[in-house]
Amino acid sequence: MASESGPGATDPLLPCRRVPSKGGWRSALFIIWVEVAERFAYYGISSNLISYLTGPLGQTTAAAAAAVNAWSGAAAMLPLLGAAVADSWLGRYRTIVASSVLYIMGLGMLTLSSMFPSPQYCGGAADSRGACSPSSVQTAFFYISLYLVAIAQSGHKPCVQAFGADQFDATDPDESSSRASFFNWWYFGLCVSGTVTIALMSYVQDNVGWALGFGVPSMVMLLALAIFLLGTRTYRFYGSGGGSHNGSAGAFTLVGKAFVAWRKRPKEAWSAELELELERGDGELTEDAVLAEEVNGMARLFPIWATCLLYGVVFAQPPTLFTKQAGTLDRRVGPSFQIPPAALQCFLGVSIMTCIVLYDRVLVPVARRVSGVASGVTMLQRIGTGIALAMVALVIAALVEMKRLRAARDAGLVDGGSGAAAVPMSLWWIVPQYVLLGAADVFTMVGMQEFFYNQVPGALKSLGLALYLSVLGVGSFISSFLITVIDGITTRNGGTSWFADDLNRGHLDYFYLLLAALTALELLAFTYFSTSYVYRTKAVNNH
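First residue of the sequence shown? That's 24 in the numbering used here, and the numbers climb one at a time after it.
(1) Going by C-alpha distance, which of T134, M224, L80 and L252 is nearest S158?
(2) Rounded to whole angstroms, what's the CA-CA distance from L344 to F474? Just pull it up for me.
(3) Going by C-alpha to C-alpha distance, which of T220, F360, F466 and F205 sits closest to G187?
(4) Taking C-alpha atoms, which residue in F370, S394, V469 and P240 lies nearest to P455?
(5) Taking the alpha-carbon of A325 as reference, which of V400, S216 and Y491 has the nearest alpha-carbon?
(6) Here's a check: name, in chain order, each residue in its chain whose Cβ is nearer than 6 angstroms to the Cβ of G409, leaving out the five neighbours to either side.
(7) Cutting at 8 angstroms between CB atoms, please list the residues of its own chain near L253, excluding the five before and the five after it.
(8) According to DSSP, is R405 helix, strand or coil?
(9) Does the pairing of the stretch 171-182 with the stretch 87-106 give three or more beta-carbon distances under 8 angstroms?
(10) With a CB to CB cut of under 7 angstroms and the five nearest residues on each side skipped, what residues in its chain are close to T14?
(11) For A411, I'd like the list of residues in its chain whose CB is within less than 7 angstroms of its CB, leaving aside the five on either flank, ordered along the chain.
(12) Which class does F260 belong to by DSSP, given the choice of helix, strand or coil?
(13) I need the boundaries of the beta strand (DSSP E) containing S449, first residue and last residue.
(14) Three-state secondary structure (DSSP) at Q361?
(15) Exposed or buried, M138, counting other C-beta atoms within 10 Å across all chains shown (16 or more means buried)?
(16) Who does V356 pair with in a DSSP beta bridge?
(17) With distances taken Cα to Cα, identify the nearest neighbour of G399 among L332, D383 and Q478.
(18) Put C331 into one of helix, strand or coil per three-state DSSP.
(19) Report yes if the C-beta distance between V446 and A430 is below 8 angstroms; otherwise report no.
(20) For V389, collect the residues of the same chain with a Cβ closer than 8 angstroms to its Cβ; drop the 5 residues on either side in sequence, then sort them by chain order.
(21) What do you reckon, are the CB atoms on L240 and G67 nearer than 8 angstroms?
(22) Alpha carbons only, please: which of I119, A86, I221 and D110 is nearest the one belonging to Y65?
(23) Between which two residues does the alpha helix (DSSP H) harbouring T467 extend?
(24) Can you give the Cα-Cα distance for S449 and G236, rounded to whole angstroms?
(25) Determine the extent of the alpha helix (DSSP H) in which V400 is found, giving its start and end residues.
(26) With DSSP run on the structure shown, which of helix, strand or coil describes V415?
(27) Between S493 and T514, what straight-line distance do the alpha-carbon atoms span, to the nearest angstrom?
(28) DSSP three-state call for H179: helix, strand or coil?
(29) Below 8 angstroms between beta carbons: does that hold for R115 and A121?
(30) Run the CB neighbour count on P358, radius 10 Å, all protein chains shown included, and call it buried at 16 or more, exposed below.
(31) I'd like the list of long-range same chain contacts for A548, defined as Cβ closer than 7 angstroms, with 5 residues on each side in sequence excluded.
(32) Going by CA-CA distance only, name the one from I55, Y334, T83 and F164 that's closest to G131.
(33) Specify the secondary structure class of D192 as computed by DSSP and reduced to three states.
(34) Quick check: the Cα distance between P102 and V57, rounded to an integer number of angstroms?
(35) Flag this pair as yes or no: are the beta carbons of L531 and Q404 separated by less than 8 angstroms?
As structure tokens, then:
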């Protein structure tokens with residue numbers, strides 16, 4: 024990372040390297056546009072995936088939600104492997120190129136899987152709705168293609184953002200302030216892309232066809248790779264991040280040495296050595312002492328990481344249960360047009376874009392004058408605020424669902440009613456939960472990106488962003504586990520699932536209240552650990 028490469032920087036996990044003259048906003052904008060295109064491709068698949076699983080693939084709501092969460096979890100966890108490959112072997116640039124090619128292959132195969140003809144005569148193989156179930160070959164090919172996209176994300180996701188942040192040198196005052204804004208505007212670009220994608224592709228997929236709905240993201244990803252290659256001459260490369268074999272090969276070797284140094288010496292010994300050398304002022308620290316200090320700093324990240332996991336569960340709800348919930352409402356606009364359920368996720372994106380501007384241009388300047396902190400609020404304060412907002416959003420979601428269930432009962436849509444009939448309740452009732460979660464994302468998601476990027480050693484910045492992504496991955500797995508377990512318990516002995524295919528007979532409100540209670544406990548634990556956390560002063564100058 025640029026911030027570790029200036030004169031006098033001494034990071035034992037960061038091989039010596041020079042700072043090239045290229046980089047800055049020109050290079051960063053190339054990379055931001057690449058990520059915008061990649062997010063278009065990703066959300067073109069993920070935002071409406073549950074509709075494809077419960078539609079053409081004929082899965083139940085609970086099974087589809089669990090499958091989407093499992094895939095999202097894999098897509099968010101695999102970047103830990105991709106970051107290791109990038110930081111130790113290929114470098115960020117080469118990893119981005121290789122994973123983009125794999126991405127295009129996966130999306131192309133996904134498009135082909137949706138073009139397989141459905142059986143014309145299935146006889147007794149028809150499901151409860153009378154539709155023919157897809158062949159096992161089609162289902163297997165679909166999931167292979169889907170998980171190939173997840174594998175491609177493993178290299179793309181952690182490296183693109185780290186490579187973009189590398190274009191700013193924190194030892195330069197102008198570039199340092201630019202990098203502080205980079206994470207905000209990076210997420211802004213992602214949300215613009217996601218909002219446009221969800222509005223456009225959900226309509227195409229629901230009203231035109233899934234082949235075109237999956238094909239367009241494939242073409243956009245091909246365009247993303249071309250844009251990234253066009254900017255090659257403007258990028259700022261480093262030995263450990265640009266693919267230099269000698270520089271990058273040592274990053275994880277040094278991590279191994281750090282753990283050995285940490286384990287073979289008691290904490291008091293290397294802490295005393297650090298204090299002694301700092302008092303001398305000569306800046307000459309033994310390698311073992313500083314390596315051990317780095318490992319101790321990374322170990323302090325674990326409680327913060329663990330107490331953010333429930334936010335990953337909340338993050339998994341908009342493309343799954345929120346979308347199914349929206350599908351039951353009156354979504355008519357005008358005499359004939361009906362908003363696709365997945366398109367309501369656009370309110371999430373609009374909220375994020377609005378809140379990012381307000382945060383960067385209004386809240387930060389005001390908070391800076393009050394607190395004296397350059398960033399307005401500390402990174403952990405930002406994350407904690409987002410967790411609190413997410414808890415409020417879940418409570419509101421539960422209250423809205425209670426009202427929806429009452430409206431369904433009053434309209435006779437529960438006992439004997441048609442599960443396909445819309446509940447006489449406007450879609451606008453569900454908008455506040457999207458808006459609040461969007462505000463929560465601005466605090467927690469962007470805060471986690473900046474926190475994990477800044478708090479790992481310089482040679483492992485891709486790994487830092489992978490840690491942030493792993494919060495979403497583990498959260499998705501927890502969501503999938505909770506849905507599967509609750510579905511099994513509530514359907515035992517002939518009971519009705521909380522996630523019944525006819526949501527008018529289910530209880531999503533109970534699930535949302537459960538998540539709100541767990542989030543409240545998470546917030547208490549997060550507050551406890553964050554108050555005692557000591558920032559890496561070398562990486563975070565304003566703390």
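Note that CB positions come from ideal geometry on N, CA and C, so glycine has one too.
Computed from a prediction, not measured in an experiment: that's the story for all the values here.
Reading from the atomic positions:
(1) Taking the sequence shown and counting its residues from 1, one reaches residue 158 at position 135. The residue with the shortest Cα to Cα distance from S158 is L80.
(2) Taking the sequence shown and counting its residues from 1, one reaches residue 344 at position 321. Taking the sequence shown and counting its residues from 1, one reaches residue 474 at position 451. Whole-angstrom Cα-Cα distance: 29 angstroms.
(3) Counting from 1 along the sequence shown, the entry for residue 187 is found at position 164. Closest option to G187, Cα to Cα, is F205.
(4) For the purposes of this step, residue 455 is taken as the residue at position 432 of the sequence shown. With distances taken between Cα atoms, P455 lies closest to F370.
(5) Here residue 325 refers to the residue found at position 302 of the sequence shown. First, the amino acid is wrong: residue 325 is Phe here, not Ala. Out of V400, S216 and Y491, Y491 has the C-alpha closest to the C-alpha of F325.
(6) Mapped onto the sequence shown, residue 409 falls at position 386. Result list for G409: A463, F466 and T467, in chain order.
(7) As a working mapping, residue 253 is identified with position 230 in the sequence shown. F53.
(8) The residue given as residue 405 occupies position 382 in the sequence shown. In the structure shown, R405 sits in a helix (DSSP, three-state: H, G or I).
(9) yes
(10) The structure shown does not extend to residue 14, since the chain is modelled only from 24 through 566, so no value can be given for it.
(11) For the purposes of this step, residue 411 is taken as residue 388 along the sequence shown, with counting starting at 1. Around A411: L546.
(12) As a working mapping, residue 260 is identified with position 237 in the sequence shown. If DSSP states are grouped into helix, strand and coil, F260 belongs with coil.
(13) Counted from its first residue, the sequence shown places residue 449 at position 426. Its beta strand (DSSP E) spans residues V446 to S449.
(14) Translated into the one-based positions of the sequence shown, residue 361 becomes position 338. In this structure, Q361 counts as strand in the three-state DSSP scheme.
(15) Here residue 138 is taken as the residue at index 115 of the sequence shown, counted from 1. So M138 counts as exposed.
(16) Locating residue 356 in the sequence shown gives position 333, where the first residue counts as 1. BP columns for V356 point to F360.
(17) What you label residue 399 is simply residue 376 of the sequence shown in a count that begins at 1. With distances taken between Cα atoms, G399 lies closest to D383.
(18) Counted from its first residue, the sequence shown places residue 331 at position 308. C331 falls in the coil class under three-state DSSP.
(19) Mapped onto the sequence shown, residue 446 falls at position 423. Mapped onto the sequence shown, residue 430 falls at position 407. For V446 and A430, yes; Cβs fall inside 8 angstroms.
(20) Along the sequence shown, read from residue 1 onward, the residue named residue 389 stands at position 366. Contacts found: G399.
(21) On the sequence shown, position 217 is the one that residue 240 refers to. On the sequence shown, position 44 is the one that residue 67 refers to. Going by the sequence as given, residue 240 is Pro instead of Leu. Yes.
(22) Taking the sequence shown and counting its residues from 1, the one referred to as residue 65 is at position 42. It is I221.
(23) Indexing the sequence shown from 1 puts residue 467 at position 444. Start and end: V454 to N477.
(24) Position 426 of the sequence shown, counted from the first residue, corresponds to residue 449. Position 213 of the sequence shown, counted from the first residue, corresponds to residue 236. In a straight line, the C-alpha of S449 is about 27 angstroms away from that of G236.
(25) One-based indexing of the sequence shown puts residue 400 at position 377. No alpha helix (DSSP H) holds V400; DSSP gives it neither H nor E.
(26) Along the sequence shown, read from residue 1 onward, the residue named residue 415 stands at position 392. Looking at V415 - three-state DSSP - the assignment turns out to be helix.
(27) Along the sequence shown, one-based indexing puts residue 493 at 470. Along the sequence shown, one-based indexing puts residue 514 at 491. Rounded to the nearest angstrom, the two C-alpha atoms are 31 angstroms apart.
(28) Start at 1 with the first residue of the sequence shown, and residue 179 comes out as number 156. Reduced to three states, the DSSP call for H179 is helix.
(29) What you label residue 115 is simply residue 92 of the sequence shown in a count that begins at 1. What you label residue 121 is simply residue 98 of the sequence shown in a count that begins at 1. No, the pair does not count as a contact, with Cβ atoms beyond the cut-off.
(30) Along the sequence shown, one-based indexing puts residue 358 at 335. Exposed, since its Cβ has fewer than 16 Cβ neighbours within 10 Å.
(31) The sequence position of residue 548 within the sequence shown is 525, counting from 1. T330, listed in sequence order.
(32) Sequence index remark: in the sequence shown, residue 131 carries index 108 (1-based). G131 has its Cα closest to that of F164, out of I55, Y334, T83 and F164.
(33) Reading the sequence shown from its first residue, position 169 is the one you call residue 192. Of the three classes helix, strand and coil, the one that applies to D192 here is coil, per DSSP.
(34) Your numbering for residue 102 matches position 79 in the sequence shown. Your numbering for residue 57 matches position 34 in the sequence shown. Each residue's Cα considered, the two are about 18 angstroms apart.
(35) Taking the sequence shown and counting its residues from 1, one reaches residue 531 at position 508. Taking the sequence shown and counting its residues from 1, one reaches residue 404 at position 381. Contact flag unset, no.
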